Amino acid sequence: MRVLDQRREDGSHVVELLDDADEPIEVVSGFLRFLGARNCSPNTLVSYAYDLRHLWRFFGERGLTWDVFAPAHAIPLLEYLRTVPSRRPRQRMVLTVATVDADGPATKLASTTVNRILAAVSSFYEYAILAGLLDRANPIEKRPDPALQRVSERHRPFMGRASRQRPVRRAVRVKTVQALPRPLDDVQVEALLAELRSVRDRALVLLMLQGGLRPGEALGLHLEDIAYGRRRVVVRHRDDHPKGARSKSRYERVVDLHEPEALATVSAYVMGDRPADAESPLVFLIGGRGARRLEPLGYDGLVRMFARACARAGIREPWVTPHALRHTHATRMWEGGMRELTLQKRLGHASPESTRIYTRVSDPAVVAEYNRALVRNDAPTQGAK
8 MRVLDQRRED GSHVVELLDD ADEPIEVVSG FLRFLGARNC SPNTLVSYAY
58 DLRHLWRFFG ERGLTWDVFA PAHAIPLLEY LRTVPSRRPR QRMVLTVATV
108 DADGPATKLA STTVNRILAA VSSFYEYAIL AGLLDRANPI EKRPDPALQR
158 VSERHRPFMG RASRQRPVRR AVRVKTVQAL PRPLDDVQVE ALLAELRSVR
208 DRALVLLMLQ GGLRPGEALG LHLEDIAYGR RRVVVRHRDD HPKGARSKSR
258 YERVVDLHEP EALATVSAYV MGDRPADAES PLVFLIGGRG ARRLEPLGYD
308 GLVRMFARAC ARAGIREPWV TPHALRHTHA TRMWEGGMRE LTLQKRLGHA
358 SPESTRIYTR VSDPAVVAEY NRALVRNDAP TQGAK
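Everything in the sequence shown is counted per my numbering, starting at 8 for the first residue and increasing by one.
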């Protein structure tokens, strides 16, 4: 069983979940087409397909089919997901549990991944009910949850049957540890910048570090999006990147870049290192003389470049990813005095809840306050002597 992710010549994406006979699973195909009709990104479709692959593998082990899956099977599904090994390279700071299976050492799926799979299963069955393929309740039951009322409706499952008057939550889920985003310190930033081998790579990193752009937003920039005179870039939502890079937000935003390095480096790349014969409007392209010359740089290429630079710089923490540069920028802006609402607008967050995670006092700030408290406590004692 595998996921097919194919881009057609007309630019459209085909995402299918194929069974062991390499045939599309029709009900999943219908669900994925529905998501595509709702203008969900190709990456979202691929994510749902991989999540539902876990469900179909569970069906295979238990001798079930999708239309007989019932609430009584939800707990066995949860238990199954808690034992599934994951060999995907860990790119986030999460707690992991080592396990061993027939293919050797692996790690278990993270709690956040398990919850995401359960949410995908719930959304799939909501679709089946909506499409008239299922005439009973969703097997992933939901219960009233007043605490969910504090969460913006934009951040609830797309067919969660929740509202401000009747917030609900899945009855089967895993408790998670909410890890704070870790910023890179100044030493790590300088070491990383020193190990970047090209002007293009340095320009990319500086856009994320000094502008807070997401990796997909930086990769998706067009030449027309950069206003050198006004010292800003415009982040636009597009679906035209051949390798699927795109802005997460569906709203355009202006990002000012008044620190001189980022735009100066982008200008140096565009005027010098960027292939002069390129017809693509995208800023960041593959150069050199290889077969992929003039192709837009994709997320996989960015990750490989970033990982190599980190290795050369001696940075080996698993949480240091391209997205950590955005965390670093956000933390610096908050600690520098930027207001929460302003930071939310700059980062392009739809909900203040996404921004509020940066307002939690960072460890260095705690140490500084602690030292100031010690000084105040010692001052009267020293005066008395």
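We treat Cβ as the ideally placed atom computed from N, Cα and C, and that holds for glycine. This structure is a prediction, so every number in the text was calculated from the model and none was measured.
Report yes or no: do the segment 231 to 250 and the segment 301 to 315 share at least 3 C-beta pairs separated by less than 8 Å?
-> yes
DSSP bridge partner residues for residue 93 (one or two, in chain order) | 114
Assuming residue 6 and residue 356 make a contact with CB atoms under 8 Å, what is their CB distance in whole Å?
-> An answer regarding residue 6 cannot be provided, because it is not within the stretch 8 to 392 covered by the chain.
Determine the burial state of residue 185: buried for a count of at least 16 other Cβ atoms within 10 Å of its Cβ, exposed for fewer.
-> exposed
Kindly indicate the opening and closing residues of the alpha helix (DSSP H) around residue 58.
-> 49 to 69
First and last residue of the beta strand (DSSP E) that includes residue 247?
-> Segment: none, residue 247 is in no beta strand (DSSP E) and carries neither H nor E.
In the DSSP assignment, find the unbroken alpha helix (DSSP H) run with residue 350 in it and report its ends.
-> 347 to 354
Run of the beta strand (DSSP E) containing residue 14, from where it starts to where it stops = 9 to 14
Applying the criterion that 16 or more other CB atoms from any shown protein chain within 10 Å of the CB defines a buried residue, is residue 220 buried or exposed?
-> buried
Roughly how many angstroms lie between the CA atoms of residue 217 and residue 264, to the nearest whole one?
-> 7 Å
Classify residue 197 as helix, strand or coil using the three-state DSSP reduction.
-> helix
Taking the alpha-carbon positions, what's the residue 19 to residue 239 distance?
-> 31 Å
Is residue 276 closer than 8 Å to residue 210 when the C-beta atoms are compared?
-> yes
What does residue 24 pair with, by DSSP beta-bridge criteria?
-> 10
Beta strand (DSSP E) segment containing residue 260, residue limits | 260 to 263
Per DSSP, what kind of secondary structure is residue 239 in: helix, strand or coil?
-> strand
Endpoints, alpha helix (DSSP H) assigned at residue 316 | 306 to 320
Pick from 9, 22, 56, 76 that is closest to residue 127, judged by C-alpha positions | 56
Any idea what DSSP makes of residue 357, helix, strand or coil?
-> coil
For residue 395, the three-state DSSP class (helix, strand or coil) | Coverage of the chain is limited to positions 8 through 392, which leaves residue 395 absent and any answer about it impossible.
Out of curiosity, what's the CA-to-CA distance linking residue 259 and residue 244?
-> 6 Å
Any idea which residues DSSP pairs residue 234 with across the strands?
-> 239
Per-residue DSSP class, three states only, for residue 282 = coil
Residue from 65, 72, 346, 79 with nearest C-alpha to residue 90 = 65
Are there 16 or more other CB atoms within 10 angstroms of the CB of residue 224, so buried, or fewer, so exposed?
-> buried
Inspect the beta-carbon positions of residue 294 and residue 280 and report whether they are closer than 8 Å.
-> yes
With distances taken Cα to Cα, identify the nearest neighbour of residue 143 among 76, 194, 36.
-> 76
7 Å CB neighbourhood of residue 187 in its chain, flanking five on each side removed = 364, 367
How many whole angstroms separate the CB atoms of residue 291 and residue 226, which I take to be in contact at a CB cut-off of 8 Å?
-> 6 Å
From the DSSP output, in three-state form, read off residue 188 for me.
-> coil
Roughly how many whole angstroms lie between the Cα atoms of residue 241 and residue 257?
-> 13 Å
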